[in-house]
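There are 2 protein chains.
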Amino acid sequence: MRNIALTLMYDGTAYHGWQVQKRDVTVAETLEKALAHVVGHPVKCTGAGRTDAGVHAERYVANFRTTSSIPCDRIPLAVNTRLPGDIVVTKATQVPEDFNAIGSCQRKEYTYRIYNSRIRNAFLVNRVWFYPKHLDEEVMARAAQHFVGTHDFACVRSVGTETKTTVRTVHYFTITREGDMISCRVCADGFLYNMVRAMVGTCVYASEGKLSPDDIPGLLEGRNRTDAGPTAPPQGLYMTNLWYPVPNLP
Amino acid sequence: MRNIALTLMYDGTAYHGWQVQKRDVTVAETLEKALAHVVGHPVKCTGAGRTDAGVHAERYVANFRTTSSIPCDRIPLAVNTRLPGDIVVTKATQVPEDFNAIGSCQRKEYTYRIYNSRIRNAFLVNRVWFYPKHLDEEVMARAAQHFVGTHDFACVRSVGTETKTTVRTVHYFTITREGDMISCRVCADGFLYNMVRAMVGTCVYASEGKLSPDDIPGLLEGRNRTDAGPTAPPQGLYMTNLWYPVPNLP
Numbered sequence: 267m268r269n270i271a272l273t274l275m276y277d278g279t280a281y282h283g284w285q286v287q288k289r290d291v292t293v294a295e296t297l298e299k300a301l302a303h304v305v306g307h308p309v310k311c312t313g314a315g316r317t318d319a320g321v322h323a324e325r326y327v328a329n330f331r332t333t334s335s336i337p338c339d340r341i342p343l344a345v346n347t348r349l350p351g352d353i354v355v356t357k358a359t360q361v362p363e364d365f366n367a368i369g370s371c372q373r374k375e376y377t378y379r380i381y382n383s384r385i386r387n388a389f390l391v392n393r394v395w396f397y398p399k400h401l402d403e404e405v406m407a408r409a410a411q412h413f414v415g416t417h418d419f420a421c422v423r424s425v426g427t428e429t430k431t432t433v434r435t436v437h438y439f440t441i442t443r444e445g446d447m448i449s450c451r452v453c454a455d456g457f458l459y460n461m462v463r464a465m466v467g468t469c470v471y472a473s474e475g476k477l478s479p480d481d482i483p484g485l486l487e488g489r490n491r492t493d494a495g496p497t498a499p500p501q502g503l504y505m506t507n508l509w510y511p512v513p514n515l516p
Numbered sequence: 267m268r269n270i271a272l273t274l275m276y277d278g279t280a281y282h283g284w285q286v287q288k289r290d291v292t293v294a295e296t297l298e299k300a301l302a303h304v305v306g307h308p309v310k311c312t313g314a315g316r317t318d319a320g321v322h323a324e325r326y327v328a329n330f331r332t333t334s335s336i337p338c339d340r341i342p343l344a345v346n347t348r349l350p351g352d353i354v355v356t357k358a359t360q361v362p363e364d365f366n367a368i369g370s371c372q373r374k375e376y377t378y379r380i381y382n383s384r385i386r387n388a389f390l391v392n393r394v395w396f397y398p399k400h401l402d403e404e405v406m407a408r409a410a411q412h413f414v415g416t417h418d419f420a421c422v423r424s425v426g427t428e429t430k431t432t433v434r435t436v437h438y439f440t441i442t443r444e445g446d447m448i449s450c451r452v453c454a455d456g457f458l459y460n461m462v463r464a465m466v467g468t469c470v471y472a473s474e475g476k477l478s479p480d481d482i483p484g485l486l487e488g489r490n491r492t493d494a495g496p497t498a499p500p501q502g503l504y505m506t507n508l509w510y511p512v513p514n515l516p
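Residue numbers (this note's numbering), protein chains in the order written: chain H, 267 to 516; chain A, 267 to 516.
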């Protein structure tokens with residue numbers, strides 16, 4: 267069996283997240299159906315992370331096993347003709363037998379986008395968190411800086427998924443503004459459930475003066491979710507990069 | 267009665283164009299319902315042009331008459347809270363009694379966007395014409411240049427609307443590429459039905475060698491729609507600017 271890694275992008279608006287569910291349409295299910303047509307047998311995809319409903323991916327990796335001999339360079343176009351326009355396979359790479367899109371992933375980057383303008387933008391519905399009250403990106407950036415490093419992130423974790431430990435390492439967390447758009451880019455070895463959205467909500471709280479950036483080390487130590495800021499809404503969140511110990515992936 | 271001009275933007279994906287119709291949901295109808303709530307009486311809007319189903323506007327102007335004394339600077343937020351997210355009023359300006367969004371308009375600019383990449387982009391569904399075969403934007407630009415000036419544009423006009431004359435003046439028509447995105451910007455004193463989309467289709471034909479840029483003067487003289495290229499699809503078309511003899515509008 268060949269093990270194939272797909273690089274993809276998707277607009278998550280129409281989907282109930284990545285992971286296959288019983289009732290709702292998900293990205294994985296939609297992709298698996300399209301792949302099955304191309305390779306001629308049922309397919310099971312392993313994704314790099316369980317993105318929530320409404321969350322997007324500019325870059326995402328999933329792998330599947332197949333008996334098909336279709337060349338990798340023909341897979342993207344073949345699958346894309348069977349996919350709706352909001353899911354696109356950009357590349358297929360044959361990977362070692364033991365490769366697993368989630369287990370082999372060394373680092374991931376998410377970008378959270380806040381449209382901080384008094385007036386909405388008609389083209390950004392479902393693509394950003396529209397926040398009409400002015401935010402101070404410098405205060406937010408100072409708050410974000412306190413999350414960088416190896417910490418117990420229990421205070422920015424929503425319950426709902428099992429995990430052995432709540433300790434993670436955040437490699438960088440930058441917050442910058444271009445015009446009305448605030449981009450929060452955060453890279454870590456792994457993320458707890460809702461961790462990015464809770465950290466962004468906490469940075470927004472800091473800009474609003476509801477807590478001080480310097481309170482964050484104490485919040486991390488306290489491990490109490492209710493001490494930190496609220497969870498930012500899903501539509502502003504994008505998976506934007508991934509790192510694997512495999513050449514040319516993603 | 268005050269005469270108020272609204273500057274707006276809309277993502278046309280969900281609408282059957284600007285103009286009120288019997289059966290389908292249009293931008294004008296949606297806007298008129300929201301305005302009626304704000305001013306407390308039924309409202310009739312005159313728009314700057316009858317955009318087709320699926321066509322967008324980064325900038326658009328419509329005017330309406332009202333007995334309400336609501337200050338102009340309070341209108342955008344008041345109307346936007348009653349509008350769906352894909353229609354946004356960005357400004358309201360009191361204009362002279364005889365102002366009419368279509369009749370007073372001196373020039374309009376449309377931008378047509380072609381996403382010219384072998385692979386689709388999941389975030390540009392309904393926002394561009396996805397064209398996977400490589401286009402030569404320099405050939406397209408040479409073709410576009412032949413449309414500039416005062417001509418009879420019957421060869422790039424679809425039937426369907428009444429007009430006294432098919433003579434129009436195109437002020438500029440530039441075609442440029444940034445990465446995979448080709449932008450066709452055209453400004454004229456007025457446009458015939460489907461004129462931008464037919465001119466873009468003709469420029470694409472020129473890139474494909476199905477006609478030469480130098481054939482265009484002959485096509486214009488011939489006045490025969492079937493001699494020119496096909497009508498490009500609606501979702502790549504955006505109204506992007508308008509000019510009025512009124513200060514600060516739009």
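No residue lacks a Cβ here, since even glycine has one placed at the ideal position from N, Cα and C.
Worksheet item: To which residues of the same chain is A/SER424 closer than 6 Å at the C-beta, ignoring the five residues directly before and after it?
Response: Setting aside the 5 residues that flank it on each side, A/SER424 is surrounded in the same chain by TYR459 and ASN460, each with a C-beta closer than 6 Å to its C-beta; the list follows chain order.
Discussion item. For A/LEU477, would you say it is in contact with chain H, using Cβ-to-Cβ distances shorter than 9 Å as the test?
Written reply: No, its Cβ sits nowhere closer than 9 Å to a Cβ of chain H.
Worksheet entry | Neighbourhood of H/MET465 by C-beta distance below 6 Å, restricted to the same chain and skipping five residues each side | Answer for H/MET465: PHE413 and VAL422, listed in chain order.
Practice prompt. State the Cα-Cα distance for the pair H/GLN285 and A/ALA358, rounded to the nearest angstrom.
Written response: When rounded, the distance between both Cα atoms is 45 Å.
Worksheet item: When the Cα of A/PHE396 is compared with those of H/GLY313, H/THR292, H/PHE419 and H/ASP352, which residue comes out closest?
Response: Considering only alpha carbons, the answer is H/ASP352.
Practice prompt. Starting from A/GLN372, follow its DSSP beta bridges and name the residues at the other end.
Written response: A/GLN372 is not bridged to any residue.
Item to complete: Consider the Cβ of H/MET465: report whether some Cβ of chain A lies at a distance smaller than 9 Å.
Response: Not flagged as an interface residue toward chain A: H/MET465, since no C-beta distance is shorter than 9 Å.
Item to complete: Spell out the partners DSSP gives A/GLY313 in its beta bridges.
Response: Its beta-bridge partners are A/ALA328.
Fill in: Residue-chain proximity (A/PRO499, chain H), Cβ-Cβ < 9 Å
No, A/PRO499 does not count as interfacial toward chain H.
Fill in: Same chain, Cβ closer than 6 Å to A/HIS303, neighbours up to 5 away in sequence not counted
Spatial neighbours of A/HIS303 in its own chain (CB-CB distance under 6 Å, excluding positions within 5 residues in sequence) are listed in chain order as ARG348.
Discussion item. Can you check whether the C-beta of H/ASN269 is within less than 9 Å of a C-beta belonging to chain A?
Written reply: The beta carbon of H/ASN269 sits no closer than 9 Å to any beta carbon of chain A.
Worksheet item: What is the DSSP secondary structure of H/ARG340, reduced to helix, strand or coil?
Response: H/ARG340 falls in the helix class under three-state DSSP.
Worksheet item: Rounded to a whole number of angstroms, what is the C-alpha to C-alpha distance between H/ASP481 and H/ARG463?
Response: Straight through space, the alpha carbons of H/ARG463 and H/ASP481 are spaced by roughly 18 Å.
Discussion item. Within 10 Å of its beta-carbon, does H/VAL291 have 16 or more other beta-carbons around it, so buried, or fewer, so exposed?
Written reply: Looking at its Cβ environment, which holds fewer than 16 other Cβ atoms inside 10 Å, H/VAL291 is exposed.
Practice prompt. Throw me the rounded Cβ distance for the A/ALA410 and A/THR440 pair, which I believe falls under 8 Å.
Written response: About 7 Å separates the two Cβ atoms, so the contact holds.
Worksheet item: Taking 9 Å as the CB-CB cut-off, is A/TYR281 touching chain H?
Response: It does not: the Cβ of A/TYR281 has no partner Cβ on chain H nearer than 9 Å.
Worksheet item: Beta-carbon of H/ASN387 versus every beta-carbon of chain A: anything under 9 Å?
Response: With 9 Å as the cut-off, H/ASN387 counts as an interface residue toward chain A.
Worksheet entry | Cut-off 8 Å between Cβ atoms - residues of its own chain near A/THR432, not counting five sequence neighbours on either side | Counting only Cβ-Cβ distances below 8 Å, and skipping sequence neighbours, we find ASP418, PHE419, ALA420, ARG423, LEU458 and ARG489.
Worksheet item: With 16 other CB atoms within 10 Å as the buried threshold, where does H/THR510 fall?
Response: It should be pointed out that residue 510 of chain H corresponds to Tyr in this sequence rather than to Thr. H/TYR510 counts as buried, since at least 16 other C-beta atoms from the protein chains shown sit within 10 angstroms of its C-beta.
Practice prompt. Please work out which residues of its chain come closer than 6 Å, Cβ to Cβ, to H/THR468, disregarding the five sequence neighbours upstream and downstream, and give them in chain order.
Written response: The residues are ALA494 and GLY495.
Item to complete: Please compile the residues from chain H whose C-beta is within a distance smaller than 7 Å of the C-beta of A/ILE341.
Response: Correct list: empty, because the minimum Cβ distance to chain H is about 12 Å.
Worksheet entry | Burial state of H/ASP364, where buried means 16 or more other Cβ atoms lie within 10 Å | H/ASP364 comes out exposed.
Worksheet item: If you draw a straight line from the C-alpha of A/ILE385 to the C-alpha of H/ASN346, how long is it?
Response: For A/ILE385 and H/ASN346, the distance between alpha carbons rounds to 9 Å.
Worksheet entry | Where the alpha helix (DSSP H) containing H/LYS430 begins and where it ends | Looking at the DSSP string, H/LYS430 is not in any alpha helix (DSSP H), and its letter there is neither H nor E.
Worksheet item: Closest Cβ-Cβ distance between A/THR292 and chain H: below 9 Å?
Response: Not an interface residue.
Practice prompt. Pull up the distance between the alpha-carbon of A/HIS400 and that of H/TYR504, whole angstroms please.
Written response: The C-alpha of A/HIS400 lies about 29 Å from the C-alpha of H/TYR504.
Worksheet entry | the region 351 to 370 of chain H: positions lying closer than 7 Å to chain A by Cβ | Within the region 351 to 370 of chain H, the residues whose Cβ lies closer than 7 Å to some Cβ of chain A are GLY351, ASP352, ILE353, VAL354 and THR356, listed in chain order.
Item to complete: Give every residue of the same chain whose Cβ lies closer than 6 Å to the Cβ of H/LEU508, excluding the five residues on either side of it in the sequence, and list them in chain order.
Response: Excluding residues within five positions, the ones whose Cβ falls inside 6 Å are ALA314, VAL327, CYS371, LYS374 and PRO516.
Practice prompt. Let me know if H/ARG261 comes out buried or exposed under the rule of 16 or more other beta-carbons within 10 Å of its beta-carbon.
Written response: Missing from the structure shown is residue 261 of chain H; chain H here goes from 267 to 516 and no further.
Worksheet item: Whole-angstrom Cβ separation of A/SER334 and A/VAL305, contact assumed at under 8 Å?
Response: Between A/SER334 and A/VAL305 a beta carbon distance of about 4 Å is seen, short of the 8 Å cut, so the two are scored as contacting.
Worksheet entry | Spatial distance of H/ILE380 from H/GLY445 (CA atoms) | Looking at the two C-alpha atoms, the distance is approximately 11 Å.
Worksheet item: Under three-state DSSP, which class holds A/ARG384?
Response: Taken through DSSP and simplified to helix, strand or coil, A/ARG384 comes out as coil.
Worksheet item: Under 9 Å Cβ-Cβ, which residues of chain H neighbour A/ASN346?
Response: Those within 9 Å of A/ASN346 in chain H are ILE385 and ARG386.
Worksheet item: If you draw a straight line from the C-alpha of H/VAL321 to the C-alpha of A/VAL293, how long is it?
Response: Looking at the two C-alpha atoms, the distance is approximately 28 Å.
Discussion item. Going by beta-carbon coordinates alone, are A/PRO483 and A/VAL405 separated by less than 9 Å?
Written reply: Cβ atoms of A/PRO483 and A/VAL405: not closer than 9 Å.
Discussion item. Could you tell me which whole alpha helix (DSSP H) segments of length 4 or greater appear in the region 431 to 475 of chain A?
Written reply: Runs of the alpha helix (DSSP H) inside the region 431 to 475 of chain A: 461 to 473.
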